[in-house]
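Trainee: The structure under discussion is supplied below as structure tokens; questions concerning it will follow.
Number of protein chains: 2
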Amino acid sequence: MTKQTETIEAQVKIFKALADPTRLEIIRYLNQLDHEVSCGEVDRAMHIGKTSGSYHFKILQAAGLITARKEAREKYVALDQSTFDRYLTHFWQN
Amino acid sequence: MTKQTETIEAQVKIFKALADPTRLEIIRYLNQLDHEVSCGEVDRAMHIGKTSGSYHFKILQAAGLITARKEAREKYVALDQSTFDRYLTHFWQN
DNA sequence: AATATAGTTCAAATATCTTTGAACTATATA
DNA sequence: TATATAGTTCAAAGATATTTGAACTATATT
Numbered sequence: 001m002t003k004q005t006e007t008i009e010a011q012v013k014i015f016k017a018l019a020d021p022t023r024l025e026i027i028r029y030l031n032q033l034d035h036e037v038s039c040g041e042v043d044r045a046m047h048i049g050k051t052s053g054s055y056h057f058k059i060l061q062a063a064g065l066i067t068a069r070k071e072a073r074e075k076y077v078a079l080d081q082s083t084f085d086r087y088l089t090h091f092w093q094n
Numbered sequence: 001m002t003k004q005t006e007t008i009e010a011q012v013k014i015f016k017a018l019a020d021p022t023r024l025e026i027i028r029y030l031n032q033l034d035h036e037v038s039c040g041e042v043d044r045a046m047h048i049g050k051t052s053g054s055y056h057f058k059i060l061q062a063a064g065l066i067t068a069r070k071e072a073r074e075k076y077v078a079l080d081q082s083t084f085d086r087y088l089t090h091f092w093q094n
């Protein structure tokens, strides 16, 4: 696979992950908090069920937009700013 | 509708428009040319049919990512850099 | 040990997106 | 005028994405 094709596939994954109102709201929420929070806390703040939350977190994580850390029962998520920088701020450099 | 909701809807539209490999390739193509071209020329360069091209141009235009100008039989498209600046480069300011 | 909590997985239902050919409008050319 | 070209619209088919409840795993608490 060529380098340009790899880049396009990665970009598509990022943009698909951002192309949903629930996920954009999660991202805004994580950004304004600026520290990691549990999935449950996000679910409650977004007024979504845990099943739906789990689905969205998986997509955000696969795109590299959030980091996740599991501690005992809970999973803590936070923004991965470097991905935003690379794919949004520096869009034309890819 | 609140301002934040408006912003999110606009962002969703932009990101959906970018969340497709054909449309990303169109955008790269328009960017490297850096001048307007006819839809037909883009269709041929992307190896897509005119029906499919028309569909993608409509989505890109509705998102504000391209400008379009009709001259006689032909429609000329070009990137609208200001939208990329506003929604990608300055993502966190929205 | 029994129960509660945090999160995941699965499958079914629904909604949304993309491709395609055929028919169409409008303009250009022989 | 007849024909060709550029692009749009429509509808049908197929592909993807999202929501939901039920069942599940793993950890915490009584």
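Here the protein sequences line up with chains A and B, keeping their order.
Position one of the first sequence corresponds to residue 1 (full-length UniProt numbering), numbered consecutively onward.
Position one of the second sequence corresponds to residue 1 (full-length UniProt numbering), numbered consecutively onward.
C-beta: ideal position from N, C-alpha, C; glycine also.
Bear in mind that the values here come from a model prediction, so they are computed numbers and not experimental data.
(1) Could you tell me whether the stretch 7–16 of chain A touches the stretch 47–55 of chain A, where touching means 3 or more Cβ pairs closer than 8 Å?
(2) Using three-state DSSP, classify Arg86/A as helix, strand or coil.
(3) For chain B, check one thing: does any of its Cβ atoms lie closer than 8 Å to the Cβ of Lys3/A?
(4) Mind pulling the chain B residues with CB within less than 9 Å of Ala72/A?
(5) Does any C-beta atom of chain B lie closer than 8 Å to the C-beta of Phe57/A?
(6) Could you pull out every unbroken alpha helix (DSSP H) segment of at least 4 residues lying fully inside the stretch 13–59 of chain B, listed in chain order?
(7) Is the CB-CB distance between Ile59/B and Leu79/B below 8 Å?
(8) Please confirm if Thr51/A has its CB atom under 8 Å from at least one CB of chain B.
(9) Sort Glu6/B, Leu88/B, Ser54/B by Cα distance to Ile26/B and report the nearest one.
(10) Excluding the 5 residues preceding and the 5 following Phe84/B in the sequence, name in chain order all residues of the same chain whose CB lies nearer than 8 Å to its CB.
(11) Starting from the beta carbon of Ala19/A, find every residue of chain B whose beta carbon is closer than 7 Å, and list them in chain order.
(12) Rounded to whole angstroms, how far is the Cβ of Val12/B from the Cβ of Leu30/A, which I believe are closer than 8 Å?
(13) Closer than 8 Å, CB to CB, is Glu6/A near chain B or not?
(14) Could you please give me the residues that DSSP links to Ala78/B through a beta bridge?
(15) Find the residues of chain B that neighbour Leu33/A, judging by a C-beta separation of less than 7 Å, and give them in chain order.
Mentor: In brief:
(1) Short answer: they don't touch.
(2) Position 86 of the first sequence, counted from the start, is the residue given in the question as residue 86/A. Looking at Arg86/A - three-state DSSP - the assignment turns out to be helix.
(3) The residue given as residue 3/A occupies position 3 in the first sequence. No, because no Cβ of chain B sits closer than 8 Å to the Cβ of Lys3/A.
(4) Residue numbering aside, residue 72/A sits at position 72 when the first sequence is read from its first letter. Scanning chain B for C-beta atoms nearer than 9 Å to the C-beta of Ala72/A yields nothing, as the closest lies near 32 Å away.
(5) Position 57 of the first sequence, counted from the first residue, corresponds to residue 57/A. With its beta carbon at least 8 Å from every one in chain B, Phe57/A lies outside the interface.
(6) Fully enclosed alpha helix (DSSP H) runs of 4 or longer: 21–33, 39–46.
(7) Locating residue 59/B in the second sequence gives position 59, where the first residue counts as 1. Locating residue 79/B in the second sequence gives position 79, where the first residue counts as 1. With respect to the 8 Å criterion, Ile59/B and Leu79/B are not classified as neighbours on the basis of their beta carbons.
(8) As a first step, residue 51/A is located in the first sequence; it is residue number 51 there, counting from the start. Not a single CB atom of chain B sits nearer than 8 Å to the CB of Thr51/A.
(9) Walking along the second sequence from the start, residue 26/B turns up at place 26. Ranking Glu6/B, Leu88/B, Ser54/B by Cα distance to Ile26/B puts Ser54/B first.
(10) Position 84 of the second sequence, counted from the first residue, corresponds to residue 84/B. So the list reads Leu65, once near-sequence residues are dropped.
(11) The residue you call residue 19/A lines up with position 19 of the first sequence. Those are Val12, Phe15, Lys16, Ala19, listed as they occur along chain B.
(12) Mapped onto the second sequence, residue 12/B falls at position 12. Mapped onto the first sequence, residue 30/A falls at position 30. Separation of the CB atoms of Val12/B and Leu30/A is rounded to 17 Å, and the pair is thereby denied contact status at 8 Å.
(13) Here residue 6/A corresponds to residue number 6 of the first sequence, with the count starting at 1. Not one chain B Cβ lies under 8 Å of Glu6/A.
(14) On the second sequence, residue 78/B is found 78 positions in, with the first residue counted as 1. The partner list for Ala78/B (beta bridge, DSSP) reads Thr67/B.
(15) Mapped onto the first sequence, residue 33/A falls at position 33. Result: empty, since nearest Cβ-Cβ is about 14 Å, beyond 7 Å.
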